[in-house]
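Quick note: the sequence shown, position 27, residue 26 per numbering that gives the first Met the number 0, numbers continuous.
For each residue, glycine too, the CB sits at the ideal point set by N, CA and C.
The structure under discussion appears below in the form of structure tokens.
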Amino acid sequence: MRKLLLKLSLNTIAVLPLAFMQLIGASLGLLAYVGSKHYRSLFRPQYEAVVSARKLPLKLWEAARASGMLFSDSLWIWRNPVKALKLVEVQNWDVVEAAIGEGHGLVMLTPHLGGFEIIPRVLAQHFPATILYRPSRQEWLNEVVEEGRAYPNMHFVPTNLNGVRQMTRALTRGEAIGILPDQVPSGGEGVWVPFFGRPAYTTPLPARLANRNNTPVIMFTAKRKGIGKGWVMQATRLAPFSEDAERAATELNIAIENAVLQAPEQFIWSYNRYKHPAGAELPPSN
């Protein structure tokens, strides 16, 4: 019953205007930061280390608010796709058209930044997209996510061998595939390479898929404009990845860093990017 009530509450909240949803998300982000020592222990060191190393202004509270808006943006986009598409400003679309026009498909990378959930919906207006995702361990949350992400021309596949095979077939058909490249892969599926100066277990899968058939790779971001104002979606085509897994993963992390630095306060700093997944070898010593 609690799960049902929570799902109904989320669905009810999602019909609110985007500005209200983002204010709710910002409040929840602040509450999570203030109320959870574990949350702060992940969020603050990762965020502060990056802005300090890159000599950027420290906007801790803005970043804490934005962390909550990552969730509220996603929920609102899932429930209001038509309205959301009207609030996205798409830049550099010629880069996408040129890439898909080469006929080898497209590997699209979307880090957890801003309104990242709007990106596949924009692409789905133009061509089919197969998206790799990791199901939640909580069944009720997985149902909410799967229902919310369901959208014409978008096909979601799980992070397993069958999902990778479906993505390979999509590329063979000249379609797009999508990967969240800043997630920590399962043990045995990644390599340890630097991410903002620290060893992070990183997937070489985007490079492996792209290099099979010279498929172009584009890094997408969807920066939040302001409360209730929507997002700016930008596309940057990446240079071909190395055939070497470790070098390719390093190149991938550099591309993610460049994307994050476009709007560092809007990145998901509460996610433990440096965790050691079960079954993975130990990270290199510093």
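Asked, Found
"Is it right to say Asp-93 is buried, meaning 16 or more other beta carbons lie within 10 angstroms of its own, or is it exposed?", "exposed"
"Give the list of continuous beta strand (DSSP E) stretches no shorter than 3 residues that lie fully inside the stretch 90-129.", "105-108"
"Assign Val-14 to buried or exposed, taking buried as 16 or more other Cβ atoms, counted over all protein chains shown, within 10 Å of its Cβ.", "exposed"
"Quick check on the burial criterion: 16 or more other C-beta atoms within 10 angstroms. Buried or exposed for Asp-181?", "buried"
"Going by the beta-carbon positions, is the gap between Val-183 and Pro-44 smaller than 7 Å?", "no"
"Do Val-192 and Val-106 have their beta-carbon atoms positioned less than 7 Å apart in this structure?", "no"
"Could you spell out the range, first to last residue, of the alpha helix (DSSP H) harbouring Gln-233?", "Here Gln-233 belongs to no alpha helix (DSSP H); instead the beta strand (DSSP E) covers 229-236."
"Under DSSP, the beta strand (DSSP E) around Ile-176 begins and ends at which residues?", "175-178"
"Starting from the Cα of Ala-209, find the closest Cα among Ala-244, Ile-267, Thr-158 and Met-153 and give me that residue.", "Ala-244"
"Output the distance between the C-alpha atoms of Val-162 and Leu-131, rounded to the nearest integer angstrom.", "With the sequence shown as reference, residue 162 is identified as Gly, and Val is not the correct amino acid for it. Distance between the alpha carbons of Gly-162 and Leu-131 is about 7 Å."
"Measure from the alpha carbon of Glu-61 to the alpha carbon of each residue in Glu-264, Gly-278 and Phe-115, then state which is nearest.", "Glu-264"
"Rounded to whole angstroms, how far is the Cβ of Ala-175 from the Cβ of Gly-104, which I believe are closer than 8 Å?", "6 Å"
"Between which two residues does the beta strand (DSSP E) harbouring His-37 extend?", "Premise fails: His-37 lies in the alpha helix (DSSP H), 36-52, not in any beta strand (DSSP E)."
"From which residue to which residue does the beta strand (DSSP E) around Phe-155 run?", "153-157"
"Can you find a CB in chain C that lies within less than 7 Å of the CB of Arg-223?", "The displayed structure is made up of one protein chain only, and chain C is not part of it."
"Is it true that the CB of Pro-110 sits closer than 7 Å to the CB of Ile-226?", "no"
"Determine the closest residue to Arg-133 out of Ile-117, Leu-160, Phe-126 and Val-121, with distance taken between C-alpha atoms.", "Leu-160"
"Please determine, among Pro-56, Ser-66, Leu-22 and Phe-19, the residue with the shortest C-alpha to C-alpha distance to Ser-269.", "Ser-66"
"With distances taken between CB atoms, is the gap from Tyr-32 to Ala-83 smaller than 7 Å?", "no"
"Indicate the three-state DSSP secondary structure (helix, strand or coil) for Phe-70 in the structure shown.", "helix"
"Using the C-alpha atoms, what's the distance from Ile-76 back to Phe-195?", "30 Å"
"Could you compute how far the alpha carbon of Tyr-273 sits from the alpha carbon of Tyr-200?", "7 Å"
"Reducing DSSP to helix, strand and coil, say where Ala-221 ends up.", "strand"
"Between the Cα of Tyr-38 and those of Asn-212, Pro-282, Asn-271 and Asp-72, spot the shortest distance and give me the residue it belongs to.", "Asn-271"
"Ordered along the chain, which non-local residues of its own chain (more than five positions away) have a Cβ less than 8 Å from that of Ala-52?", "Phe-195 and Gly-196"
"List the residues that DSSP assigns as beta-bridge partners of Val-216.", "Val-106"
"Taking the C-alpha atoms as reference points, what is the distance between Leu-29 and Leu-108?", "28 Å"
"Report the CB separation of Ser-241 from Ala-247 in whole angstroms; it is logged as a contact under 8 Å.", "5 Å"
"So, are the CB atoms of Met-153 and Ala-128 less than 7 Å apart?", "yes"
"Taking only the alpha-carbon atoms, compute the straight-line gap between Leu-281 and Thr-202 and give it to the nearest angstrom.", "15 Å"
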